[in-house]
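Notes to accompany the following structure.
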């Protein structure tokens, strides 16, 4: 493990990079600190927010671990560690800490990628100075064995024009809205890697229920580095496991789009394993549904079957009921046909934050969940589709609804005429001259679509299907 900084290089106490000056520790909690010191020494750990001192016994292997009590939000504070040579972590805040993980749409920085912008990036960067938003990014790495530290130095930084542009846009906008509404320091730990599969973020133990998944045995087996099972968990997430967090936000799935049924099993298994690793049975897990995109533009591509990313979006939709204390932010209206990285990252971050503000922090008075499919009822050749989470009803903002389809027993879907009902229940009435006896409905079920059905409060309805057919 590396020392916390050059100014303390002479200190015997060493910490993994996740601990450092400017960090945020989870408020009102028992958070763990760990590291290395002189074998057999007694380490004195002091926390300035409560003036408490801990006597920590260092093991014969030079390792130590200690839980400390945190107070309510505030700071700046200091954490001092001393086994004969002191090490001080300065400008430490107590507040709300969130893990932010996934693939490129989580990794994409506020400034955007080359030739791929994010909406209003320069304006957000210019106005980002905020000592109460702190960020750290895990360096990219991929290893066979679990690591105790990042592959190279990573630093906690205050949000500012100098630092914000390089940090995850989705995570930053999530944290900014939390800070605005909660008025407490917010710490964001970004652990993401572009192109990553969900299997790469799972431990060997978590994949035990998937015996067909090939676990790498040596570095030569890591091909490619971002899609090899366990390797990102080992190199990037394991060094963070145990750091005190309130919960997790997740934006991933594009690299698993061709196996939606599998994803519906893998994602819940991943969340269970992460919660076990943290010793927290049900920390909040909020995730972004992948946005529509023309996957046919990415070779190799096979048309037909479930090689339509709408099936992956549907698997994500169903994961809401499969994962306790989880919720999904719908992005069906924010995709881009020729770019897999939608520019409106502030929308993704803020929709994830709405879930956290309502479900985790108990704020009220605003919409936070998209209307969701409840049931369908057939009367003759007409189908009525009912929705939950739409207390103010539904809207298309004056446009014709063009994304509903119905099918009969022959499983052939045809476009349907859709009309929003104005009655007591949030519902849409569908009719299609080609289908006299409808049995199934799909909405926005294509690789690239732009959702046209919303709750009156402005949150879009996810693509969905009522059938379980393979195509």
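Numbering (my numbering), first residue to last: 188 to 658.
Don't be surprised by glycine CBs; every beta carbon is placed ideally from N, CA and C.
Are there three or more Cβ pairs, one per stretch, closer than 8 Å when the segment 394-404 is compared with the segment 307-326? Verdict: no, contact absent.
What are the boundary residues of the alpha helix (DSSP H) that residue 462 is part of? Counted as a single uninterrupted DSSP element, the alpha helix (DSSP H) harbouring residue 462 occupies residues 447-465.
Contact test: residue 287 Cβ vs the ligand FMN heavy atom, cutoff 7 Å: Although the ligand FMN was asked about, the structure shown includes no ligands whatsoever.
Are residue 483 and residue 634 closer than 8 Å when you measure CB to CB? yes
Buried/exposed call for residue 290, threshold 16 Cβ in 10 Å: buried
Distance check for residue 644 and residue 652, CA to CA, integer angstroms please. 23 Å
Tell me which same chain residues have a C-beta within less than 8 Å of the C-beta of residue 588, skipping the five on either side of it? 605, 606, 607, 615, 639, 640
Taking 8 Å as the threshold (C-beta atoms), are residue 516 and residue 544 in contact? Contact check for residue 544 against residue 516 fails: the beta carbons are separated by 8 Å or more.
Using a Cβ-Cβ cutoff of less than 7 Å, which residues in the same chain neighbour residue 440 once the five nearest sequence positions on both sides are dropped? 450, 477, 499, 503
What residues in its chain sit with their C-beta under 8 Å from that of residue 663, if we drop five residues either side in the sequence? In the structure as shown, the chain starts at 188 and stops at 658, and residue 663 therefore has no counterpart that could be examined.
Do residue 349 and residue 149 count as a contact pair if the criterion is CB distance below 8 Å? Not covered by the structure: residue 149. The range shown for the chain is 188 to 658.
Counting along the chain, where does the alpha helix (DSSP H) carrying residue 503 start and finish? 496-509
Taking a contact to mean a Cβ-Cβ separation below 8 Å, would you say residue 211 touches residue 234 in this structure? no
Is it the case that the segment 276-288 contacts the segment 253-267, given that we only count it when at least three CB pairs across the two stretches are under 8 Å? yes
Give me the Cα-Cα distance between residue 190 and residue 323, rounded to the nearest whole angstrom. Note that residue 190 scores a pLDDT of 41, beneath 50, so its modelled location is shaky; the value from the coordinates is reported in the next line. Each residue's alpha carbon lies about 16 Å from the other.
What's the gap between the Cα of residue 214 and the Cα of residue 481? Taking the Cα positions, residue 214 is about 43 Å away from residue 481.
According to DSSP, is residue 437 helix, strand or coil? strand
Put residue 546 into one of helix, strand or coil per three-state DSSP. helix
For residue 430, count the other beta carbons within 10 Å of its own beta carbon; 16 or more makes it buried, fewer makes it exposed. Which is it? Classification for residue 430: buried.
With DSSP run on the structure shown, which of helix, strand or coil describes residue 318? strand
Using a Cβ-Cβ cutoff of less than 8 Å, which residues in the same chain neighbour residue 570 once the five nearest sequence positions on both sides are dropped? 563, 564, 593, 603, 616, 617, 618, 625, 628
Inter-residue spacing [alpha-carbon to alpha-carbon] between residue 196 and residue 497: The pLDDT assigned to residue 196 is 40, lower than 50, so where the model puts this residue is not dependable; a value taken from the coordinates is nonetheless given after this. Spanning the two alpha carbons is a distance of roughly 52 Å.
Secondary structure at residue 538, three-state DSSP: helix, strand or coil? Residue 538 falls in the helix class under three-state DSSP.
Cβ-based neighbour list, residue 204, same chain, cut-off 7 Å, excluding 5 preceding and 5 following: 189, 336, 337, 340, 341
Any contact between the segment 549-560 and the segment 576-590? By contact I mean 3 or more CB pairs, one from each, below 8 Å. yes
Contact check, residue 513 vs residue 427, beta carbons under 8 Å: no
Assign residue 357 to one of three DSSP states: helix, strand, or coil. helix
Taking the alpha carbon of residue 221 as the reference point, which residue from 300, 207, 250 has its own alpha carbon closest? 250
Since residue 288 contacts residue 413 with CB under 8 Å, what's their CB separation in whole angstroms? No, residue 288 and residue 413 are not in contact; Cβ-Cβ is about 13 Å, not under 8 Å.
With a 10 Å radius around its C-beta and 16 neighbouring C-beta atoms as the bar for buried, classify residue 343 as buried or exposed. Under this definition residue 343 is a buried residue.
Give me, in chain order, the residues of the same chain whose beta-carbon lies closer than 7 Å to that of residue 612; leave out the 5 immediate sequence neighbours on both sides. 573
Would residue 361 pass as a contact of residue 436 if the rule is Cβ separation under 8 Å? yes
Just to confirm, are residue 366 and residue 319 a CB contact at a threshold of 8 Å? yes
Using a Cβ-Cβ cutoff of less than 7 Å, which residues in the same chain neighbour residue 242 once the five nearest sequence positions on both sides are dropped? Closer than 7 Å at the Cβ level, and outside the excluded window around residue 242, lie 229, 231.
For the segment 193-227, list the beta strand (DSSP E) runs that are entirely contained and at least 3 residues long, ordered along the chain. 211-213, 217-223
Where residue 644 sits in the DSSP three-state scheme: coil
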